[in-house]
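**Q** Pasting in a structure now, in structure tokens, and then I'll have a few things to ask.
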Amino acid sequence: MKLRSVCKSKIHHAIVTGADLNYAGSIGIDKALMQLTDIGPGEQVSVWNINNGQRIETYAIELPEGSGQVVVNGAAARHFQPGDAVIIVAFCLADEPVIPQMIVVDEQNKVVEGKGIKGSRAKDRCEGQGATSKGCLREQAPLASARSGTARAKRGTRRLAPWLQIPTP
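First residue of the sequence shown? That's 1012 in the working numbering, and the numbers climb one at a time after it.
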């Protein structure tokens, strides 16, 4: 048996809503986003800052469900500021293919796209986060953002990115 480290969970383009230098580490994530992507409390995650290229590894803690909060704590707060776009990824060791649970969120950290979301109520779970049906998959309307200088606002209409199109085993 050969174990490989593979992506199991991904929250793409989350917007940092807070940064607390004096908190003892971690990243706080809206509980609903953690549940959709199967990230558990205390689980190790990688956080990649799209704005400045910084990358950290830390552990996830739950924030109130539906709050849309993503808060970077501890020393990493020096490199992650409110308004920064981030990618949050969790990996697992597996000896067989894993279908990653991936979501893309908007500027309020509400789900607009998803892939691999498990469970018979996945459709309802995604719709509760602001996405339409089809298991979270939809084309998003053009983005109107006060943060017009960001790459997100310049993109306009977007579809599920090709790198999210992971073949199912």
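Virtual Cβ for every residue (Gly too), placed ideally from N, Cα, C. Quick caveat: nothing in here was measured; it's all calculated off a predicted structure.
What do you get for ASN1063, buried or exposed, if any count of 16 or more other CB atoms within 10 angstroms of its CB means buried?
**A** To locate residue 1063, count along the sequence shown from 1; it is residue 52. Burial call: exposed.
**Q** When burial is assigned at 16 or more other CB atoms within 10 Å of the CB, is PRO1075 buried or exposed?
**A** Your numbering for residue 1075 matches position 64 in the sequence shown. The residue in question, PRO1075, is exposed, as its Cβ has fewer than 16 Cβ neighbours within 10 Å.
**Q** Which residues in the same chain have their Cβ closer than 6 Å to the Cβ of ALA1105, if we skip the five residues on either side of it in sequence?
**A** Here residue 1105 corresponds to residue number 94 of the sequence shown, with the count starting at 1. Same-chain partners within the cutoff: VAL1017.
**Q** Which of the three DSSP states, helix, strand or coil, is assigned to GLY1125?
**A** Within the sequence shown, residue 1125 is the residue found at index 114, counting from 1. It is a strand residue.
**Q** What's the call for ALA1096, buried or exposed, on a 16-neighbour Cβ count within 10 Å?
**A** For the purposes of this step, residue 1096 is identified with residue 85 of the sequence shown, where counting begins at 1. It counts as buried.
**Q** Could you give the residue range of the beta strand (DSSP E) that holds MET1113?
**A** As a working mapping, residue 1113 is identified with position 102 in the sequence shown. Counting along the chain, the beta strand (DSSP E) containing MET1113 begins and ends at 1112-1116.
**Q** What is the residue span of the alpha helix (DSSP H) that GLY1042 lies within?
**A** Position 31 of the sequence shown, counted from the first residue, corresponds to residue 1042. In the sequence under discussion, the amino acid at residue 1042 is Lys, which differs from the Gly named in the question. Its alpha helix (DSSP H) spans residues 1042-1047.
**Q** When the Cα atoms are used, what is the spatial distance from ASN1084 to ILE1110?
**A** Residue numbering aside, residue 1084 sits at position 73 when the sequence shown is read from its first letter. Residue numbering aside, residue 1110 sits at position 99 when the sequence shown is read from its first letter. Their backbone Cα atoms lie some 29 Å apart in a straight line.
**Q** Could you name the residues of the same chain whose beta carbon sits closer than 7 Å to that of PRO1093, not counting the 5 residues immediately before and after it, in chain order?
**A** Looking up residue 1093 in the sequence shown gives position 82. These residues qualify, in order along the chain: VAL1027, THR1028, GLY1029 and ALA1030.
**Q** Can you find the residues in the same chain that come closer than 7 Å, C-beta to C-beta, to GLY1127, ignoring five residues on each side of it along the sequence?
**A** Taking the first residue of the sequence shown as position 1, residue 1127 is located at position 116. Hits under 7 Å: ILE1110, PRO1111, GLN1112 and MET1113.
**Q** Within a Cβ cutoff of 7 Å, which residues of the same chain sit near THR1069, ignoring the five residues on either side of it in sequence?
**A** Here the question's residue 1069 lines up with position 58 in the sequence shown. Within the same chain, THR1069 has close Cβ partners GLY1036, SER1037, ILE1038, VAL1056, VAL1058 and ALA1087.
**Q** What are the partner residues of LYS1021, as DSSP defines its beta bridges?
**A** As a first step, residue 1021 is located in the sequence shown; it is residue number 10 there, counting from the start. Note: LYS1021 sits in a beta bridge opposite VAL1100 and MET1113.
**Q** Looking at the structure shown, is GLY1051 part of a helix, part of a strand, or coil, going by DSSP?
**A** As a working note, residue 1051 is residue 40 in the sequence shown. DSSP places GLY1051 in coil when its eight states are reduced to three.
**Q** Where do the ends of the beta strand (DSSP E) carrying LEU1074 lie?
**A** As a position in the sequence shown, residue 1074 is number 63, starting the count at 1. Unbroken beta strand (DSSP E) run through LEU1074: 1066-1074.
**Q** Would you kindly work out how many angstroms separate the C-alpha atoms of GLN1046 and PHE1091, rounded to a whole number?
**A** As a working mapping, residue 1046 is identified with position 35 in the sequence shown. As a working mapping, residue 1091 is identified with position 80 in the sequence shown. Their Cα atoms are separated by approximately 23 Å.
**Q** What number of angstroms, rounded off, separates the C-alpha of LEU1044 from the C-alpha of ILE1022?
**A** Residue 1044 sits at position 33 when you count from the first residue of the sequence shown. Residue 1022 sits at position 11 when you count from the first residue of the sequence shown. Whole-angstrom Cα-Cα distance: 8 Å.
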